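In our numbering, the protein residues as written are 500 to 788. Beta carbons: idealized from backbone N, C-alpha and C, even for Gly. These figures come from a predicted structure and were not determined experimentally.
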């Protein structure tokens, strides 16, 4: 997860420059008319306006680290990962306590398959910003991917200790507990996420997967549909719904769900293969009626 950063300021300077420009024109006009005393007064007023336009009246100081961070976000939005990583590193260089850059750089490196480099960056971030929940979450995720489950769990819990309402860490902890077959504890985490945000599609999808594994198929279907009602473009929930319908023998409904998944991701080989299999199973059912 990347952090977005924004700042809103009222641009006063353009208005002051307009006044200054008007003053210059008016002074020139007075000089042409030989009204020198009035011209001197206007010249002084114009210079004062131009001086004010360069005065920092609100005490705002540009942040070099924020500048590099925003450049990194811009490069990342264009899929220029190398340039984005370079800018995140620059932000950290000028401000070693810039938590968002550690979190985003670690996430970017992890997505690029550079797991060890991601872990190294995130561990540096934890050392500098020990109470930042996003860095702990991202580090936990990378450690989980590498199979270091106990360490990953510790960082998820630290993220939640810093921010108990951090839904991504709550869901990730639930997924890790489910991976360890601690299904009841995992269910508690997903339901805790939904208590914080009853409209969280990720928690509905994860809870549905868990209930499906526990054999509660009816409730699992309900929660998959709820996830898709909240996030219609959630591919994982669409495929999970299709898988569940297939396992129930509802091949026609499953084929439709796989087809919808293919509309979202046409190159999804799994969805294409399963749709074809369900269509064949539907035809077989029709022949035996």
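Please report the distance separating the alpha-carbon of residue i from that of residue j.
| i | j | result |
| --- | --- | --- |
| residue 658 | residue 778 | 45 Å |
| residue 748 | residue 785 | 13 Å |
| residue 686 | residue 730 | 21 Å |
| residue 597 | residue 654 | 19 Å |
| residue 600 | residue 737 | 33 Å |
| residue 564 | residue 696 | 33 Å |
| residue 774 | residue 755 | 8 Å |
| residue 720 | residue 592 | 49 Å |
| residue 578 | residue 764 | 19 Å |
| residue 572 | residue 683 | 39 Å |
| residue 691 | residue 678 | 18 Å |
| residue 514 | residue 587 | Bear in mind that a pLDDT of 42 at residue 514, under 50, signals an unreliable position, so the model cannot answer this. |
| residue 652 | residue 628 | 19 Å |
| residue 616 | residue 641 | 10 Å |
| residue 776 | residue 732 | 23 Å |
| residue 709 | residue 589 | 42 Å |
| residue 726 | residue 619 | 35 Å |
| residue 717 | residue 707 | 10 Å |
| residue 639 | residue 648 | 8 Å |
Does DSSP put residue i in a helix, in a strand, or in coil?
| i | result |
| --- | --- |
| residue 681 | coil |
| residue 766 | coil |
| residue 690 | helix |
| residue 674 | helix |
| residue 631 | coil |
Name the two residues that bound the continuous alpha helix (DSSP H) containing residue i.
| i | result |
| --- | --- |
| residue 653 | 648-661 |
| residue 736 | 734-746 |
| residue 619 | 614-627 |
| residue 702 | 700-712 |
| residue 592 | 580-593 |
| residue 602 | 598-610 |
| residue 482 | Here the chain has residues from 500 to 788 only, and residue 482 is not among them. |
Whole-angstrom Cβ separation of residue i and residue j, contact assumed at under 8 Å?
| i | j | result |
| --- | --- | --- |
| residue 630 | residue 661 | 5 Å |
| residue 757 | residue 770 | 5 Å |
| residue 614 | residue 645 | 6 Å |
| residue 874 | residue 735 | Examination of residue 874 is not possible in this model, given that the chain is present from 500 through 788 alone. |
| residue 608 | residue 583 | At roughly 10 Å, the Cβ-Cβ gap does not stay under 8 Å, so residue 608 and residue 583 are not in contact. |
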